[in-house]
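Novice: Chains as they are written, first to last, in the working numbering: chain A, 74 to 414; chain B, 272 to 612.
First the structure, which I've put down as structure tokens, then a few questions once you've had a look.
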């Protein structure tokens, strides 16, 4: 899908846009088109606040999508993020709960909140390290490994919460981070964090060696190894990076709801994968961008919220998701084939 | 795989490895059963006190294993050919709902059964079409249909009701329940014997049939298979249809056992199926694997999950299954490396 030309400076390939920017533009165009279409059909859809909501309601999945996109670009899956969201949230609650509650689900380890967060992040990174160990060292297909670690992470969360949730006996500081509003507006800290992460990710992807090496590894692993890139270590860092984002998302969600719920983030790994695919990230690796992923998320958000606006039953969301991914994949393949004919 | 055959002729070490690879699953099954039989199972009244190996318990385990047992054989052949189907769980749910709808609306057993199997053929054919004709990556294609089939199953059940079941207005006919519950031969229900029949058929197909050989050739080396005149596209398409049919049979068995058509009953089935197939030593990359060993893998997992309920609370299940998936994948990798080195 990618050619050597993608890695050469733009001057040498003339003024032709790269395939990647082309697809990203296509995704942006589709997102805007769908928003306008939904605005034309639905009353009250075309509002600034609605546009903001489309982004802020999806901050968790978009944040997860960053790590997942980077890994997809390097040619690896990460389906463990949903499990990690549950695990880190539950761990942060468990560590922060005061010692000696009335029942098993209300007594934790009584750590100060900051320490609890650090330890919960440690748990998330452990899952990332486990992913890397199995994928890099044992060379087991990443989809199997991360499905397994997803179950392990969620399984640990279920054991700690006895399959339900922990929400009592928490210090007052626990709910602070997830509900903190910024700049005198109603925009919350997690949303700001998502924006910062997106900007950093775009910078890494486009301007830093680390980002370009990720593309190298994805498009031609053998050539990358032969040119002296430590592929295993790079993929390890990507898994840790993705697990760290998922860990932070889990901690913030737990803080927002003041509870550690073992089923939180259920199917989020699939949503993160879906928005990356909608945004033009190729599953074969070496192709895609975080900007595309962001607009992929907008597409999904517009489609699902428009469906709600059209008073379709919530059961429709699964079908709409399927159709959206199918059309996106077919359109991208078709557009690229047409362009490079 | 090919060099494994060459090596196995030479040294003693590799012939031991080959023996282990071929038969370890049967030892594991025996070990698990012996372990559970010797464990102290007095804690719950699930079994007749303290005895794993009594008739009622064995019959019970085999009854609830029927859906998994019927799917795993065809799924093995699909994975041997190097492909995967993540939509089996959703296909199973959709078939279960369709079967229950037919039954509750007065369609007799045989037509209802055949129509549901035809639905399975259709669902499998859609997967095959997406993968073979439209050349969408199997993981993505079946992820799309996972969402699609689940959405359709949820839509078929009317709002406000969780599943299709007997109500004041309409009663489930008696035969609906009998298929999955009522003892026929050896006190085991027809659903279990159906699973056995399908497995026997697939073992014969794999050992003697053209389809089995073509599947292994396609998974071992697709290019060589194509060059030697195998229509690999048709083989893969047929295997997807086969998996669709067995998913429908699994849906019938499950809905019959629970005597309702639950649109969520197949959730997670794809994970369990992948787990038992990997446990049976099937290589994820294709080319290697045996139907009978997956059957054994399914018996192991079902004995473990049921046996586990008597030792630890139910919320340990996800963790144990996830860990089992990782261990199965890792040991697969280690054994196959021993075989080739």
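We put the CB at the ideal spot given by N, CA and C, even for glycine.
At which residues does the alpha helix (DSSP H) containing residue 337/A begin and terminate?
Specialist: In the first chain, the residue the question calls residue 337/A occupies position 264. First-last for residue 337/A: undefined, no H or E at that position.
Novice: Under 7 Å Cβ-Cβ, which residues of chain A neighbour residue 594/B?
Specialist: On the second chain, position 323 is the one that residue 594/B refers to. Near residue 594/B (Cβ distances below 7 Å), the residues of chain A are 225.
Novice: Would residue 196/A and residue 161/A qualify as a contact pair, given that the criterion is a beta-carbon distance under 9 Å?
Specialist: For the purposes of this step, residue 196/A is identified with residue 123 of the first chain, where counting begins at 1. For the purposes of this step, residue 161/A is identified with residue 88 of the first chain, where counting begins at 1. Yes, these two residues count as a Cβ contact at 9 Å.
Novice: Quick test of your reading: residue 353/B and residue 489/B, contact by CB under 8 Å. State the CB separation rounded to the nearest angstrom.
Specialist: Translated into the one-based positions of the second chain, residue 353/B becomes position 82. Translated into the one-based positions of the second chain, residue 489/B becomes position 218. With a Cβ gap of about 6 Å, residue 353/B and residue 489/B count as contacting.
Novice: Taking C-beta pairs closer than 7 Å, name the residues in chain B that residue 211/A reaches, listed in chain order.
Specialist: Position 138 of the first chain, counted from the first residue, corresponds to residue 211/A. Near residue 211/A (Cβ distances below 7 Å), the residues of chain B are 601, 604.
Novice: So what does residue 261/A bridge to, in DSSP terms?
Specialist: In the first chain, the residue the question calls residue 261/A occupies position 188. Per DSSP, 254/A.
Novice: Which residues does DSSP pair with residue 200/A in a beta bridge?
Specialist: To locate residue 200/A, count along the first chain from 1; it is residue 127. Answer is none; residue 200/A lacks a bridge partner.
Novice: Quick check for students: name the residue ranges of the alpha helix (DSSP H) that lie wholly in the region 456-485 of chain B, counting only runs of 4 or more.
Specialist: The region 456-485 of chain B contains these whole alpha helix (DSSP H) runs: 461-479.
Novice: Along the region 388-413 of chain A, where does the CB come closer than 9 Å to a CB of chain B? Name the residues.
Specialist: Result list: 388, 389, 390, 391, 392, 393, 394, 395, 396, 398, 399, 402, 403, 406.
Novice: Would you kindly work out how many angstroms separate the C-alpha atoms of residue 122/A and residue 319/A, rounded to a whole number?
Specialist: What you label residue 122/A is simply residue 49 of the first chain in a count that begins at 1. What you label residue 319/A is simply residue 246 of the first chain in a count that begins at 1. C-alpha separation (whole angstroms): 27 Å.
Novice: Just verifying my parser: in three-state terms, what is the DSSP assignment at residue 355/B?
Specialist: Reading the second chain from its first residue, position 84 is the one you call residue 355/B. Coil.
Novice: Nearest CA to the CA of residue 460/A: which residue from 156/A, 125/A, 241/A?
Specialist: Since the first residue shown for chain A is 74 and the last is 414, residue 460/A is missing from the structure and cannot be characterised.
Novice: What in chain B is Cβ-close to residue 60/A, meaning under 7 Å?
Specialist: Lying outside 74 to 414, the shown extent of chain A, residue 60/A is not represented and no answer is given.
Novice: Alpha helix (DSSP H) containing residue 405/A: first to last residue?
Specialist: Sequence index remark: in the first chain, residue 405/A carries index 332 (1-based). Its alpha helix (DSSP H) spans residues 389-412.
Novice: So does residue 138/A have its beta carbon nearer than 8 Å to some heavy atom of the ligand MN?
Specialist: This structure does not include the ligand MN; it has no bound ligands of any sort.
Novice: Scan the region 400-421 of chain B for residues whose Cβ lies nearer than 9 Å to a Cβ of chain A and list them as they occur along the chain.
Specialist: Listed by position along the chain: 401, 405, 406, 407, 408, 410, 411, 412, 414, 415, 416, 417, 418, 419, 420, 421.
Novice: Under 9 Å, do residue 159/A and residue 413/A count as touching if we go by C-beta distance?
Specialist: For the purposes of this step, residue 159/A is taken as residue 86 along the first chain, with counting starting at 1. For the purposes of this step, residue 413/A is taken as residue 340 along the first chain, with counting starting at 1. Against a cut-off of 9 Å, the Cβ pair of residue 413/A and residue 159/A comes out as no contact.
Novice: How should residue 430/B be labelled, buried or exposed, when 16 other C-beta atoms within 10 angstroms of its C-beta is the threshold for buried?
Specialist: Position 159 of the second chain, counted from the first residue, corresponds to residue 430/B. Residue 430/B is exposed by the Cβ-count criterion.
Novice: What residue does the alpha helix (DSSP H) around residue 450/B start on, and which one ends it?
Specialist: Translated into positions along the second chain, residue 450/B becomes position 179. 445-452 is the extent of the alpha helix (DSSP H) around residue 450/B.
Novice: In the DSSP assignment, what residue or residues form a beta bridge with residue 239/A?
Specialist: One-based indexing of the first chain puts residue 239/A at position 166. Bridge partners of residue 239/A: 333/A.
Novice: Cα separation between residue 440/B and residue 361/B?
Specialist: Indexing the second chain from 1 puts residue 440/B at position 169. Indexing the second chain from 1 puts residue 361/B at position 90. Taking the straight line joining both Cα atoms gives about 28 Å.
Novice: Could you tell me how far apart the beta carbons of residue 153/A and residue 234/A are, in whole angstroms, since I believe they sit closer than 8 Å?
Specialist: Within the first chain, the letter at position 80 stands for residue 153/A. Within the first chain, the letter at position 161 stands for residue 234/A. Between residue 234/A and residue 153/A the Cβ distance is about 18 Å, and since that is not below 8 Å, they are no contact.
Novice: Can you list the residues of chain B that residue 284/A reaches, using a CB-CB cut of under 7 Å?
Specialist: Within the first chain, the letter at position 211 stands for residue 284/A. Under the 7 Å cutoff, chain B gives no residues; its nearest Cβ is about 24 Å from residue 284/A.
Novice: Name, going along the chain, the residues of the region 508-536 of chain B whose beta-carbon falls closer than 9 Å to a beta-carbon of chain A.
Specialist: Cβ contacts with chain A come from 534.
Novice: Using a Cβ cut-off of 8 Å, pull out every chain B residue sitting near residue 221/A, in sequence order please.
Specialist: Position 148 of the first chain holds residue 221/A. Under the 8 Å cutoff, chain B gives 593, 594, 596, 597, 600.
Novice: Using a 10 Å radius around the Cβ and a threshold of 16 neighbouring Cβ atoms, would you call residue 287/B buried or exposed?
Specialist: By one-based count along the second chain, residue 287/B stands at place 16. Flag for residue 287/B reads exposed.
Novice: Report the neighbours of residue 214/A on chain B: residues whose CB is nearer than 9 Å to its CB, in chain order.
Specialist: Taking the first residue of the first chain as 1, we reach residue 214/A at position 141. Chain B residues near residue 214/A: 555, 556, 600.
Novice: So what does DSSP say about residue 386/B, is it helix, strand or coil?
Specialist: Numbered from its first residue, the second chain carries residue 386/B at position 115. Of the three classes helix, strand and coil, the one that applies to residue 386/B here is helix, per DSSP.
Novice: Below 9 Å between beta carbons: does that hold for residue 364/B and residue 424/B?
Specialist: Stepping through the second chain from its first residue, residue 364/B is reached at position 93. Stepping through the second chain from its first residue, residue 424/B is reached at position 153. In this structure, residue 424/B lies closer than 9 Å to residue 364/B by Cβ.
Novice: Just to confirm the assignment: which complete beta strand (DSSP E) runs, minimum length 3, are found wholly within the region 147-217 of chain A?
Specialist: DSSP runs (the beta strand (DSSP E)) wholly in the region 147-217 of chain A: none.
Novice: Under 9 Å between the Cβ atoms of residue 410/B and residue 508/B?
Specialist: Residue numbering aside, residue 410/B sits at position 139 when the second chain is read from its first letter. Residue numbering aside, residue 508/B sits at position 237 when the second chain is read from its first letter. Cβ atoms of residue 410/B and residue 508/B: not closer than 9 Å.
Novice: Tell me whether residue 368/A is buried or exposed, calling it buried when 16 or more other Cβ atoms sit within 10 Å of its Cβ.
Specialist: On the first chain, position 295 is the one that residue 368/A refers to. Buried, because 16 or more other Cβ atoms sit within 10 Å of the Cβ of residue 368/A.
Novice: Between residue 238/A and chain B, is there a C-beta pair that is closer than 9 Å?
Specialist: Residue numbering aside, residue 238/A sits at position 165 when the first chain is read from its first letter. So no, residue 238/A is outside the interface.
Novice: Mind checking residue 328/A: buried by the 16 CB within 10 Å criterion, or exposed?
Specialist: On the first chain, position 255 is the one that residue 328/A refers to. Buried, by the Cβ-count rule.
Novice: For residue 541/B and residue 510/B, I'd like the C-alpha separation in whole angstroms.
Specialist: On the second chain, position 270 is the one that residue 541/B refers to. On the second chain, position 239 is the one that residue 510/B refers to. Roughly 16 Å separates the two Cα atoms.
Novice: Does chain B have any CB closer than 9 Å to the CB of residue 150/A?
Specialist: Residue mapping note: residue 150/A aligns to position 77 of the first chain, counting from 1. True, the Cβ-Cβ gap to chain B drops below 9 Å.
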